[in-house]
């Protein structure tokens, strides 16, 4: 037995969609698998939490202890994105002002919950222990250093860090040429050949 579910076990978990080459740790917690879609070659490591509506593209890594709280509006992660360890992504958040009550054990009529989709676009990379709030759209190629607090949309192809996260400099687009090479190589393989 490996630390990842087998292909048969994954099919039995009831995901809305699951692609090829998906690796999910047996130690991950999946809530509402019927609301979760996974593309090809997705890896979800130990102690991750996936809850609510979540759509993940292909060639995506979600590192250990990362939590995705999709709620009903959802978290949408596009191809080649990378979430490092101990990240929290929220599409739902309580009102902290004190005007309403908070926490999931209190009925909705006593709370003012903020809910908005989160988009993590192609080639985004988020460093360890970062937090992403509801409604944020991480533009293509944007990168975030460890401990970033991400509460607004970044520029595409920017490097960001801080609390709150701010642009430090532009990010190279050289990886787009590597993507073309990678895609061309793997499209030429027959379906029976494994992708490294």
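In our numbering, the protein residues as written are 46 to 241. Idealized CB from N, CA, C, for every residue including glycine. None of these values were measured; they are calculated from a predicted model.
Inspect the CB distances between the segment 139-150 and the segment 179-198 and report whether three or more fall short of 8 Å.
For the pair of segments examined, the segment 139-150 was found not to touch the segment 179-198: the number of CB pairs separated by less than 8 Å stays below three.
Out of 57, 91 and 58, which one is the CA nearest neighbour of residue 48?
91
In angstroms, rounded to a whole number, what distance separates the CA positions of residue 83 and residue 67?
Their Cα atoms are separated by approximately 8 Å.
State the DSSP-derived secondary structure class of residue 141, mapped to helix, strand or coil.
coil
Please go through the same chain and pick out, in chain order, the residues whose beta-carbon is closer than 7 Å to the beta-carbon of residue 220, but skip the five residues on each side of it.
168
For residue 138 and residue 204, I'd like the C-alpha separation in whole angstroms.
26 Å
For the beta strand (DSSP E) containing residue 178, list its first residue and its last residue.
Neither: residue 178 is in no beta strand (DSSP E) and is coded neither H nor E.
Identify the continuous beta strand (DSSP E) that holds residue 58 and give its terminal residues.
No beta strand (DSSP E) contains residue 58, which DSSP labels as neither H nor E.
Counting only runs that start and end within the segment 203-234, where is the beta strand (DSSP E) found for 3 or more residues in a row?
203-206 and 211-215
What does a CB cutoff of less than 7 Å around residue 61 pick up in its chain, not counting 5 residues either side in sequence?
79, 80, 81 and 82
For residue 159, which three-state DSSP category applies?
strand
Can you tell me which residues form a DSSP beta bridge with residue 133?
112 and 176
Where do the N-terminal and C-terminal ends of the beta strand (DSSP E) with residue 74 fall, by residue?
74-76
Put residue 65 into one of helix, strand or coil per three-state DSSP.
coil
Using alpha carbons as the reference points, say which of 53, 129, 209 and 198 lies closest to residue 93.
129
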